[in-house]
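In my numbering, the protein residues as written are 35 to 304. Every residue gets a Cβ at the ideal spot worked out from N, C-alpha and C, and that includes glycine. Note that the structure is predicted; figures quoted are calculated from it, not measured. Presented below is the structure to which this report refers.
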Ligand code: URA
């Protein structure tokens, strides 16, 4: 009897223990392999940090290689030119102007020649090799032809009389390398100086010889189409003519140039 009671007691105790475990959430009482529930779990490894991918480097040119800002150069040219109250001041402002690369390759600044009181101002393109050497405009072969052409209607750069005098300058005061055509950017940069130059001389008539001054004053090309046609710029009568260098290469075009000179003479008389 005592033994039977012990067995029955164990059975009830085992059943109660099992029921308690079920209450705690036990669902399986056996597993494929023994499970040691006292073993410490493997520490959870933090994921390895992702390699930081460096942003691609934007390579900036060193400051001294940065492209020049053309608008800033034009702005400075205009500010410098508009300050000038005399031709001498304008010459000095040009000499101090550092934005035009042509200056570095030139021997001399070629400012102007002739009589600043002249009624006629001739605007050319840019100095050639002789002009660069002498520092005066139109002194080479083309310049000698120019002198002869205007002498034929009684005008000369050496004349002290404004009625018969000439004043001669160029769009660019520095010689372009290998006498290449001036670029549009160079023309735009120097235009404020040209405009101020013309305002200070205040001629009655402006003669543009060649495409570069045509571009400078009238913002167009086509000298062979437009030569001899009077127009206006800066409030003054303007006559486009072929460049004497072109006439040296194309002597047949001198007939038209002569017609243009007579037209100029008529304008001055009228
Ligand atoms: N051609 C020009 O246009 N200007 C000069 O001074 C010389 C040649």
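Item	Value
May I have the straight-line CA-CA distance separating residue 180 from residue 116, to the nearest angstrom?	30 Å
Spatial neighbours of residue 57 within its chain, please: CB distance less than 7 Å, with the 5 preceding and 5 following residues excluded, ordered by chain position.	Note that residue 57 scores a pLDDT of 41, beneath 50, so its modelled location is shaky; the value from the coordinates is reported in the next line. Cβ neighbours of residue 57 beyond the five flanking positions: none.
Measuring from the CB of residue 246, is there a heavy atom of the ligand URA at a distance below 8 Å?	yes
Tell me whether residue 119 sits in a helix, a strand or coil according to DSSP, three-state version.	coil
Provide the residue span of the alpha helix (DSSP H) that contains residue 246, from first to last.	245-252
At what residues does the beta strand (DSSP E) containing residue 155 begin and finish?	154-158
According to DSSP, simplified to helix, strand and coil, what is residue 187?	coil
With a cut-off of 8 Å on the beta carbons, I'd call residue 201 and residue 148 a contact; round off their distance for me.	4 Å
Residue 169 CB to nearest chain C CB: under 9 Å?	The structure shown contains no chain C; it holds only a single protein chain.
On a CA-only basis, which of 111, 138, 247, 153 is nearest residue 302? Give me that one, please.	153
Which value, in whole angstroms, describes the spacing of the CA atoms of residue 22 and residue 158?	Lying before the first or after the last residue shown, residue 22 is absent from the chain, which here runs from 35 to 304.
CA-CA distance, residue 299 and residue 187?	7 Å
How about residue 288 and residue 281: do their beta carbons lie closer than 9 Å?	yes
Would you mind stating whether residue 252 and residue 242 have Cβ atoms separated by less than 9 Å?	yes
Confirm the yes/no value for this check: CB of residue 204, any heavy atom of the ligand URA, distance under 8 Å.	yes
Measure the alpha-carbon distance for residue 269 versus residue 156 and round it to whole angstroms.	16 Å
Verify whether the separation of the beta carbon atoms of residue 262 and residue 294 is less than 9 Å.	yes
Would the C-beta of residue 148 count as close to the ligand URA, meaning under 8 Å from any of its heavy atoms?	no
Going straight from the alpha carbon of residue 291 to that of residue 137, what length do you get?	32 Å
Helix, strand or coil for residue 204, going by three-state DSSP, please let me know.	strand
Which one or two residues does DSSP pair with residue 266 in a beta bridge?	271
Which class does residue 199 belong to by DSSP, given the choice of helix, strand or coil?	strand
Based on DSSP bridge pairs, tell me the residues matched to residue 296.	For residue 296, which the question treats as bridged, DSSP gives no partner whatsoever.
Using 10 angstroms around the beta-carbon of residue 177, count the other beta-carbons present and answer buried if the total reaches 16, otherwise exposed.	buried
Would you kindly work out how many angstroms separate the C-alpha atoms of residue 264 and residue 274, rounded to a whole number?	7 Å
Is residue 140 helix, strand or coil when you go by DSSP?	coil
Name the DSSP beta bridge partners of residue 240, please?	155, 272
If you run the structure through DSSP and keep just helix, strand and coil, what is residue 169?	coil
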